[in-house]
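Data block below; observations after.
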Amino acid sequence: MKKINILVTGIGGGGVGEQVLKALRLAKNPDYTIIGTDITEYSAGHRFVDIFCKVPSVSDPSYREVFFSLVNKYKIDFVFHGSEPELQFLSQNRQALREEGVYCYINSADLISLCSNKVETYEKLQSFGFNVPRFMKIDRLRDLDEIDFYPIVLKPYVGSGGSSNVFIALDRKEARLLGSYMLKSGIRIVAQEYLSTHENEYTIGISSDELGNVLGSIVIKKMIGNAMSTRLKVKSNDSLYVISSGFSQGEVCHMADLQKQAENMALALKSKGPLNVQGRVVDGQLMLMEINPRTSGTTSLRAMAGYNEPDMVIKYYANNEKWDTNYEDMVILRGLEEYAHKGWQLAVQPFAGMDATIGIDPLIAGLAPDMVQPSPLPLETAVRIDPIIANVLEPATVRVDPILATPLETSVAVTALDTVLATTLETSSVGIDTALAATMEPAAAGMEPILAIGSTANRTDLAVLERMPVEN
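Read left to right, the sequence shown gives residues 781 to 1252 (our numbering).
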């Protein structure tokens, strides 16, 4: 496979962008260079990318220019979105991306538009004969008086995905109270029948090609109950009413009948990309609750089971490789993952205005930031030790820009931090002067061998880091 440059937007916030990054890293493909963007440098997704670029919000008038400048600068081959606004942006600019030779893994503009309105989507699926819980669009508070299928779920019907402003109303009184709040907040409401089978809730991912052919599908039976997987829980007498959150966990499994029902939905809707169906099973039939034409928030879970959609998309379109529909049945649980971002500004601020630097994070080396000096070479890309992994010293702590290292011959001096330390690139290795080791804190003793990357270092040991400060 040729080298592939991949852009993933919206990598912060633990959302879809971070899920795509995790899946791509699970692929362990040395030919992938991953560029990630977000509106803030304080993003947990930093640890999965080779290059990070700070960008304005999609709503900013400058976003399009910044986005396409990155596409051209890094010669992007594939783009994956990480948020709803970016999905809409990519949909509107798909032709421009196509002209740049970039493949954007999103669904058709028609389906994205349809699924952004839940009421229209439910009506369309009903017309095709699919099972949809009873629902009613609520334009005025008095519309709630016409509902005769309590309990109900009140939720926004504009937008795809997410679980904000979703409520359970057990009776008309609660519905009017919650409906009044939502309508006054400018939320357009759909009331949907609550299905009392949260133990049988599933999310099914269906992948289709640009011609609408189904390539594969995967099922996760959701485990709902803990704080992360539960959006809302209401107890009344002996009954428990539960709404799942956007953080799904559970049993990855094969269910041929359920997959067939979901695949038929994809075919009926003429899906031409990623599609996610969420529903509960009643009497063996899938009752649709949500359907979203985008990459899933369970992308990394699927990849762990062997259904790595981002990786398969790249192989399918770049190399014409057959879509791999095989995956393992397993239970995957999720929890919070702490990520130390301490030291980011300490490492960044001293580099302001420099064309190129090589630096050592003070948290690792015990050095004052002002010891870092600018590089004597007019290099465009900065090389430095990543402060993000400062607390996890492993054999590949030094992360060297492969774009920078490639054209350099052996024994080319890159920089000098002071008269004591000289760093060179010699046959794919980075060496730290032994004189520096003697000045380190006891906890840093022996850092010279720890920081050495041998000639056997693989692509996953390397990372591209943008020049400091992080691009705006």
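Positions of the beta carbon are idealized from the N, C-alpha and C atoms, including for glycine.
Around R1060, the same chain offers L975, T977, N980, E981 and M1067 as residues with beta carbons nearer than 6 Å, after the five sequence neighbours per side are excluded. Per DSSP, T1079 is not a residue of any beta strand (DSSP E); the alpha helix (DSSP H) it occupies stretches across T1079 to A1085. It is roughly 15 Å from the alpha-carbon of G1115 to the alpha-carbon of E1031. The beta-carbon separation of L1012 and I948, rounded to 6 Å, stays under the 8 Å limit for a contact. Closest by C-alpha distance to F847, out of Y822, V882, V829 and A824, is V882.
A contact between stretches requires three or more CB pairs, one per stretch, nearer than 8 Å, and the segment 801-818 meets this requirement with the segment 850-860. Contiguous beta strand (DSSP E) elements confined to the segment 952-983 occur at 969-973, taking only those with 3 or more residues. If you compare the alpha carbons of F832, G825, K935 and M1035 with that of G795, the shortest gap goes to G825.
Of the candidates E1108, M1045 and R1074, the residue whose Cα lies closest to the Cα of L905 is M1045. Leaving aside the five residues that flank R1082 on each side, the residues in its chain whose CB is nearer than 8 Å to its CB run, in chain order, A803, G985, I998, I1000, V1032, S1076, N1088, E1089 and Y1107. For A949, the pairing in a beta bridge is given by DSSP as I932. Judged by DSSP in its simplified three-state form, K853 adopts helix. Measuring C-alpha to C-alpha distances from P810 to each of I1004, D830, T1078 and V835 identifies D830 as the nearest. For the 8 Å CB-CB criterion, K917 and V994 do not form a contact. Residue pairing from DSSP places I1071 in a beta bridge opposite V1057. Sorting Y843, R878, A876 and I784 by C-alpha distance to the C-alpha of E866 places Y843 at the top.
Annotation for N785: T813, Y854, K855, I856 and D857 place their beta carbon closer than 6 Å to its own, counting only its chain and skipping 5 residues before and after. Annotated as proximal: T1079 and V800, with beta-carbon spacing under 8 Å. Taking every protein chain shown into account, the CB of N887 has 16 or more other CB atoms within 10 angstroms, so this residue is buried. Non-local C-beta neighbours of V1093 in its own chain, meaning closer than 6 Å and more than five positions away in sequence, comprise Y885, ordered along the chain. Taken through DSSP and simplified to helix, strand or coil, I814 comes out as strand. The shortest CA-to-CA distance from I932 to any of E954, G996, L921 and G909 is the one to E954.
Remark: C-beta atoms of A1085 and M1069 do not approach each other more closely than 8 Å. Counted as a single uninterrupted DSSP element, the beta strand (DSSP E) harbouring G996 occupies residues V994 to K1002. About 14 Å separates the CB atoms of Y937 and R914; that is not less than 8 Å, and the two are not in contact. The shortest CA-to-CA distance from N897 to any of N1072, N1100, N1099 and K1102 is the one to N1072. In the three-state reduction of the DSSP assignment, K782 falls in the coil class, being assigned neither a helical nor a strand state. DSSP places V1093 inside the alpha helix (DSSP H), whose first and last residues are E1089 to N1099. Nearest in C-alpha terms to C833, of all of I791, K808 and N873, is I791. A direct Cα-Cα distance of roughly 48 Å separates F828 from D923.
Of the candidates G959, S863 and K1002, K1002 places its Cα closest to the Cα of S1025.
A Cβ-Cβ contact shorter than 8 Å links G959 with L934. Per the DSSP secondary-structure output, F858 pairs in a beta bridge with I786 and Y883. Distance from the CA atom of L963 to the CA atom of W1103, rounded to whole angstroms, is 45 Å. Counting the other CB atoms within 10 Å of its CB gives S863 a total of 16 or more, which places it among the buried residues.
Note on geometry: alpha-carbon atoms of E973 and N1099 lie some 45 Å from one another.
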